[in-house]
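Quick note: the sequence shown uses the working numbering, first residue 161, plus one each step.
Heads up, the beta-carbon is just placed ideally off N, CA and C, and yes, glycines get one too.
Worksheet for the structure shown next.
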Amino acid sequence: MSSNKVRDQEKTERRDAVIQGYIESREKQRQLQKRTLGIVIASQTFGGAGLAAGITVGALLAQEMLGTDQYAGIPTALFTLGSAAAALLVGRLSQQKGRRVGLAAGFLAGGFGAIGVVLAAVFDNLPLLFLSFLVYGGGTATNMQARYAGTDLALPTERAKAISMAMVFTTFGAVAGPNLVNVTGQLAESLGAPVLSGPFMLAALAYIVAGVILLIFLRPDPFMVAKGIAEKENHNQAHQSEDITPSVHKRGIIIGAAVMILTQIVMVAIMTMTPVHMQHHGHGIGAVGMVIGIHVAAMYLPSLITGILVDRFGRTMMSYASGVTLLIAGLLAAFAPADSMILLIVALALLGLGWNFGLISGTAAIVDATPPQLRAKTQGKVDVLIALAGATGGAMSGMVAAQTSYSTLSLLGGVLSLLLIPMIIWSRAKPKE
């Protein structure tokens, strides 16, 4: 056997021994859960800044390069479509290699995609722009999948709170990003690049730092420990029962996925066209950054309270609250005067809050419904559907707004959110399998 193979085998044995130590000790599991949350929080702070670039100026950059509003939603659709592919790959990689490898790879891909967007803007290259937005979506998918890492070792009664802890710290980067559009724009201009490429320079740095944090510090891997615990429990149960097939609750997956898919469509569609709508009515890029910054804050900052509410009142009740909140947001965005910053801020804040309710309640439902042996893979598949829903919302938003109006788009989004209620009722009414 070669010396490299011997070293690899010894490294694997040491890693397995460390993981085994955590599997055997409840106290070590609690310590690792606390440490994991801290590492995820650190990475999410940077990841949020990377995420915000596409939200804030993606549509404006496309509008500038394409010379038309009709396809302004294409960048959002592309990076959301890219996030769909990345969600599947990150989920599968995490299932096989653990959260550390899967999440780090996704964030690094997002960083390289952001670099590609900057280069496309500099050279006015549309094919490169579209390709780069697809790769940039890897960061978006990873930013979303990182929320699952905090639940791997969490108690069932604390899962929503763990999700919220991972999400709430995304706020710092996600709010800072939109509010730095002027500063990053000036930096880009000083370097001879288009102003709107500036936020993507910040995104590249933020995503790469987030990936490096996870790659270096997320050891031992919480998901690998959780899998080991589940395998030990199954082994113990084998002496009592012949059937130790991991239990999957399909209704829980249906409910969780439906909630997150619909909230994603509504949120992405209205959010994507808000910067274009504002620019058409005389609002500057600074005002756009402020409105989107508040929107992103509302997407993530309420997470701590939302997590407590979801654990206390249940996944279903908070899913209903999501639909109602999104309806109010859509109605307000549709009927608010275009020159009213205050009403636009309130509408976009409610849009973010409704999405927050839906994401945390839906995510908790998915975690509840899946065992560790299948969890990461299932989570990746669900996030693919969420990303595709967002891509649809982003692509259609520009076309609907161009053919009708921003008000019509917002009204349709608000009404669509009400579908959450009958879908959840239908899913809950299905007979147990």
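Beta-carbon contacts of residue i that lie in its chain and below 6 angstroms, excluding the five residues immediately before and after
{"i": "V200", "result": "A306, A309, G310, A326"}
{"i": "A529", "result": "H409, G412, I413"}
{"i": "G554", "result": "G233, T236, A237, T240, V428, T432"}
{"i": "G208", "result": "T330, G333, A334"}
{"i": "F290", "result": "L238"}
{"i": "Q561", "result": "Before going on, a small fix: residue 561 reads as Ala here, not Gln. Counting only Cβ-Cβ distances below 6 angstroms, and skipping sequence neighbours, we find M433, L569."}
{"i": "S577", "result": "V426, G483, L486, L487"}
{"i": "G574", "result": "L487, G490, L491"}
{"i": "A363", "result": "G210, A213, A274"}
{"i": "A494", "result": "S567, S570, L571"}
{"i": "G262", "result": "V250, L253, S254"}
{"i": "S243", "result": "G297, T300, A301, A547"}
{"i": "A418", "result": "M583"}
Beta-carbon separation (whole angstroms), residue i vs residue j, contact threshold 8 angstroms
{"i": "P359", "j": "V217", "result": "5 angstroms"}
{"i": "S479", "j": "I546", "result": "That pair is no contact at about 14 angstroms."}
{"i": "L105", "j": "P497", "result": "No answer is possible for residue 105: the residues shown for the chain start at 161 and end at 593."}
{"i": "F206", "j": "A458", "result": "The pair is not a contact, with the Cβ atoms about 20 angstroms apart (cut-off 8 angstroms)."}
{"i": "V527", "j": "R260", "result": "Wrong, their Cβ atoms sit about 19 angstroms apart, outside the cutoff."}
{"i": "G522", "j": "G416", "result": "4 angstroms"}
{"i": "A264", "j": "A246", "result": "So it is not a contact: roughly 13 angstroms between Cβ atoms."}
{"i": "V202", "j": "I373", "result": "A quick correction: the sequence has Ala, not Val, at residue 202. Contact holds; Cβ gap of about 5 angstroms."}
{"i": "I520", "j": "V470", "result": "5 angstroms"}
Buried/exposed call for residue i, threshold 16 Cβ in 10 Å
{"i": "G210", "result": "buried"}
{"i": "A177", "result": "exposed"}
{"i": "V542", "result": "buried"}
{"i": "P435", "result": "buried"}
{"i": "H443", "result": "buried"}
{"i": "R472", "result": "exposed"}
{"i": "L351", "result": "exposed"}
{"i": "Q223", "result": "buried"}
{"i": "R475", "result": "buried"}
{"i": "H455", "result": "buried"}
{"i": "Q204", "result": "buried"}
{"i": "I465", "result": "exposed"}
{"i": "W515", "result": "buried"}
{"i": "E402", "result": "In this predicted model, E402 has a pLDDT of only 49, less than 50, meaning its place in the structure is not dependable enough to derive any value."}
{"i": "Q346", "result": "exposed"}
{"i": "S500", "result": "exposed"}
Same chain only: Cβ atoms within 8 angstroms of residue i, ignoring 5 sequence neighbours per side
{"i": "L220", "result": "A232, L356, P435, V436, Q439, I445, V448"}
{"i": "Y182", "result": "K188, Q189, L192, P380, V385, G388"}
{"i": "Q180", "result": "G388"}
{"i": "I452", "result": "A212, I215, T216, P338, M431, T434, P435, L508"}
{"i": "R174", "result": "none"}
Contact test: residue i Cβ vs the ligand GTP heavy atom, cutoff 7 angstroms
{"i": "K188", "result": "Of the ligands one can find in the structure shown there are none, so the ligand GTP has no counterpart to examine."}
Contact set for residue i: own chain, Cβ-Cβ below 7 angstroms, skip 5 residues either direction
{"i": "L288", "result": "G276, L279, A280"}
{"i": "L375", "result": "R260, A264"}
Tell me, please, whether the segment 174-190 touches the segment 382-390 by the rule of three or more beta-carbon pairs shorter than 8 angstroms. yes
Taking three-plus beta-carbon pairs below 8 angstroms as touching, is the segment 315-323 in contact with the segment 250-262? no
Is the number of C-beta pairs between the segment 240-250 and the segment 295-306 that are closer than 8 angstroms three or more? Touching, yes, given that three or more Cβ pairs across the two stretches are closer than 8 angstroms.
At least three beta-carbon pairs within less than 8 angstroms, the segment 274-285 to the segment 503-514: no
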